[in-house]
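Going left to right, the sequence shown walks through residues 72 to 230 as our numbering numbers them.
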Amino acid sequence: MNLNIRLIISACFTLLVGIILAFNSSSSVQAEPANEKKDTGEPVEPDMHEFMEYVFQPTYKRLKRAMAAEPADRNAWKTIKTDSLILAEGGNLLLLHDPGKNRTEWDAHSVQVRKAGGQLYKSAKAKDFKAAQMHYQSMLKNCNACHQQFADGKHQLKP
(Lines of atoms letter the chains of each structure in order from A; the text may use other names.)
(Lines give C-alpha, C1' and ligand atoms only; values in the text may rest on other atoms or scores of the structure.)
Protein backbone atom coordinates (compact mmCIF):
# COMPACT_ATOMS: atom_id res chain seq x y z
CA MET A 72 0.00 0.00 0.00
CA ASN A 73 1.21 3.47 -0.80
CA LEU A 74 2.79 5.42 2.11
CA ASN A 75 0.49 8.42 1.59
CA ILE A 76 -2.62 6.24 1.74
CA ARG A 77 -1.37 4.58 4.94
CA LEU A 78 -0.76 8.00 6.53
CA ILE A 79 -4.23 9.20 5.55
CA ILE A 80 -5.87 6.04 6.92
CA SER A 81 -3.84 6.32 10.15
CA ALA A 82 -4.78 9.97 10.59
CA CYS A 83 -8.48 9.23 9.98
CA PHE A 84 -8.38 6.31 12.41
CA THR A 85 -6.65 8.45 15.07
CA LEU A 86 -9.21 11.24 14.56
CA LEU A 87 -12.10 8.77 14.80
CA VAL A 88 -10.74 7.25 18.02
CA GLY A 89 -10.26 10.75 19.48
CA ILE A 90 -13.85 11.72 18.65
CA ILE A 91 -15.21 8.52 20.17
CA LEU A 92 -13.15 8.99 23.35
CA ALA A 93 -14.18 12.64 23.65
CA PHE A 94 -17.85 11.77 23.17
CA ASN A 95 -17.71 8.93 25.71
CA SER A 96 -15.95 11.03 28.36
CA SER A 97 -18.36 13.95 27.97
CA SER A 98 -21.42 11.74 28.07
CA SER A 99 -20.14 9.90 31.14
CA VAL A 100 -20.20 13.11 33.17
CA GLN A 101 -23.45 12.94 35.05
CA ALA A 102 -25.63 15.98 35.36
CA GLU A 103 -26.17 17.31 38.87
CA PRO A 104 -29.49 16.09 40.25
CA ALA A 105 -32.11 18.82 40.14
CA ASN A 106 -33.04 18.35 43.78
CA GLU A 107 -29.46 18.57 45.09
CA LYS A 108 -28.77 21.95 46.71
CA LYS A 109 -25.68 23.81 45.59
CA ASP A 110 -23.37 25.38 48.16
CA THR A 111 -24.51 29.00 48.03
CA GLY A 112 -22.19 30.31 50.68
CA GLU A 113 -22.52 31.19 54.31
CA PRO A 114 -21.24 34.03 56.46
CA VAL A 115 -17.83 33.58 58.05
CA GLU A 116 -18.81 36.09 60.75
CA PRO A 117 -22.52 35.77 61.56
CA ASP A 118 -22.55 38.67 64.05
CA MET A 119 -23.64 41.69 62.02
CA HIS A 120 -21.88 44.22 64.24
CA GLU A 121 -18.55 42.42 63.83
CA PHE A 122 -19.11 42.00 60.11
CA MET A 123 -19.89 45.69 59.62
CA GLU A 124 -16.99 46.80 61.82
CA TYR A 125 -14.36 44.81 59.95
CA VAL A 126 -15.67 44.76 56.40
CA PHE A 127 -17.72 47.90 55.82
CA GLN A 128 -16.39 50.44 58.33
CA PRO A 129 -12.72 50.64 57.21
CA THR A 130 -13.78 50.65 53.57
CA TYR A 131 -16.34 53.41 54.16
CA LYS A 132 -13.77 55.53 56.06
CA ARG A 133 -11.24 55.31 53.21
CA LEU A 134 -13.92 56.07 50.65
CA LYS A 135 -15.18 59.04 52.68
CA ARG A 136 -11.69 60.59 52.62
CA ALA A 137 -11.29 59.86 48.92
CA MET A 138 -14.66 61.42 48.06
CA ALA A 139 -13.98 64.65 50.01
CA ALA A 140 -12.55 66.30 46.90
CA GLU A 141 -12.26 65.51 43.21
CA PRO A 142 -9.40 63.05 42.69
CA ALA A 143 -6.21 64.66 41.42
CA ASP A 144 -4.52 61.56 40.01
CA ARG A 145 -4.90 57.89 39.06
CA ASN A 146 -4.12 56.69 42.57
CA ALA A 147 -6.93 58.75 44.07
CA TRP A 148 -9.36 57.37 41.47
CA LYS A 149 -8.05 53.88 42.20
CA THR A 150 -8.93 54.31 45.88
CA ILE A 151 -12.50 55.23 44.96
CA LYS A 152 -12.75 52.32 42.51
CA THR A 153 -11.34 49.86 45.02
CA ASP A 154 -13.52 50.84 47.94
CA SER A 155 -16.70 51.28 45.92
CA LEU A 156 -16.24 47.81 44.43
CA ILE A 157 -15.65 46.30 47.88
CA LEU A 158 -18.82 47.97 49.19
CA ALA A 159 -20.82 46.92 46.13
CA GLU A 160 -19.73 43.31 46.54
CA GLY A 161 -20.43 43.72 50.25
CA GLY A 162 -24.07 44.12 49.23
CA ASN A 163 -23.89 40.56 47.93
CA LEU A 164 -22.38 39.41 51.22
CA LEU A 165 -25.21 41.06 53.14
CA LEU A 166 -27.63 38.77 51.30
CA LEU A 167 -25.96 35.82 53.03
CA HIS A 168 -26.78 37.18 56.49
CA ASP A 169 -30.01 36.51 58.35
CA PRO A 170 -31.52 39.70 59.79
CA GLY A 171 -33.87 37.70 61.97
CA LYS A 172 -36.90 39.66 60.76
CA ASN A 173 -38.02 41.68 57.75
CA ARG A 174 -36.02 39.56 55.29
CA THR A 175 -37.62 41.22 52.28
CA GLU A 176 -36.56 44.71 53.39
CA TRP A 177 -33.09 43.44 54.34
CA ASP A 178 -32.61 41.98 50.89
CA ALA A 179 -33.89 45.17 49.24
CA HIS A 180 -31.38 47.30 51.18
CA SER A 181 -28.59 44.83 50.33
CA VAL A 182 -29.41 44.97 46.63
CA GLN A 183 -29.51 48.77 46.73
CA VAL A 184 -26.05 48.89 48.36
CA ARG A 185 -24.78 46.62 45.60
CA LYS A 186 -26.46 48.72 42.91
CA ALA A 187 -25.33 52.14 44.16
CA GLY A 188 -21.83 50.86 44.95
CA GLY A 189 -21.64 49.35 41.47
CA GLN A 190 -22.72 52.63 39.89
CA LEU A 191 -20.16 54.49 42.00
CA TYR A 192 -17.50 52.04 40.81
CA LYS A 193 -18.47 52.59 37.16
CA SER A 194 -18.44 56.37 37.65
CA ALA A 195 -14.97 56.17 39.16
CA LYS A 196 -13.79 54.02 36.24
CA ALA A 197 -15.06 56.76 33.93
CA LYS A 198 -13.45 59.42 36.17
CA ASP A 199 -16.81 61.20 36.41
CA PHE A 200 -16.68 62.83 39.84
CA LYS A 201 -20.13 64.44 39.60
CA ALA A 202 -21.77 61.07 38.92
CA ALA A 203 -19.55 59.42 41.54
CA GLN A 204 -20.74 61.90 44.17
CA MET A 205 -24.37 61.26 43.25
CA HIS A 206 -23.96 57.46 43.56
CA TYR A 207 -21.92 57.83 46.76
CA GLN A 208 -24.73 59.90 48.31
CA SER A 209 -27.29 57.34 47.12
CA MET A 210 -25.34 54.48 48.67
CA LEU A 211 -24.98 56.28 52.01
CA LYS A 212 -28.66 57.20 52.01
CA ASN A 213 -29.52 53.53 51.60
CA CYS A 214 -27.00 52.45 54.25
CA ASN A 215 -28.55 54.92 56.67
CA ALA A 216 -32.09 53.74 55.86
CA CYS A 217 -30.99 50.17 56.60
CA HIS A 218 -29.30 51.25 59.85
CA GLN A 219 -32.45 53.13 60.78
CA GLN A 220 -34.56 50.02 60.30
CA PHE A 221 -32.21 47.30 61.56
CA ALA A 222 -29.89 49.10 64.04
CA ASP A 223 -32.44 51.35 65.78
CA GLY A 224 -31.06 54.40 63.97
CA LYS A 225 -27.49 53.93 65.21
CA HIS A 226 -24.38 54.12 63.03
CA GLN A 227 -25.63 56.82 60.65
CA LEU A 228 -23.03 57.58 57.99
CA LYS A 229 -22.01 61.06 56.88
CA PRO A 230 -20.64 61.90 53.44
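Cβ atoms here follow ideal geometry from the backbone N, Cα and C, with glycine treated the same way.
All figures in this text were calculated on a predicted structure; none of them were measured in a lab.
According to DSSP, is residue i helix, strand or coil?
i, result
"residue 70", "Only positions 72 to 230 of the chain appear in this structure, which leaves residue 70 out of reach."
"residue 128", "helix"
"residue 226", "coil"
"residue 112", "coil"
"residue 202", "helix"
"residue 189", "helix"
"residue 178", "helix"
"residue 143", "coil"
Alpha carbon to alpha carbon, what distance is there between residue j and residue i?
i, j, result
"residue 167", "residue 223", "21 Å"
"residue 133", "residue 219", "23 Å"
"residue 130", "residue 172", "27 Å"
"residue 230", "residue 177", "22 Å"
"residue 161", "residue 123", "10 Å"
"residue 209", "residue 186", "10 Å"
"residue 212", "residue 201", "17 Å"
"residue 137", "residue 197", "16 Å"
"residue 225", "residue 109", "36 Å"
"residue 135", "residue 120", "20 Å"
"residue 149", "residue 114", "28 Å"
Under the assumption that residue i contacts residue j (Cβ atoms under 8 Å), give the Cβ distance between them as a whole number of angstroms.
i, j, result
"residue 207", "residue 191", "5 Å"
"residue 203", "residue 216", "Going by Cβ atoms, the distance from residue 203 to residue 216 rounds to 20 Å, so no, they are not a contact pair."
Please report the residue range of the alpha helix (DSSP H) in which residue i lies.
i, result
"residue 138", "That residue, residue 138, is in no alpha helix (DSSP H); it is neither H nor E in DSSP."
"residue 120", "119 to 122"
The segment 138 to 151 touching the segment 167 to 176, judged by at least three CB pairs closer than 8 Å: Judged by Cβ distances under 8 Å, the segment 138 to 151 makes no contact with the segment 167 to 176, as fewer than three pairs qualify.
Count the CB pairs spanning the segment 147 to 160 and the segment 170 to 182 that are closer than 8 Å, and state whether there are at least three. no
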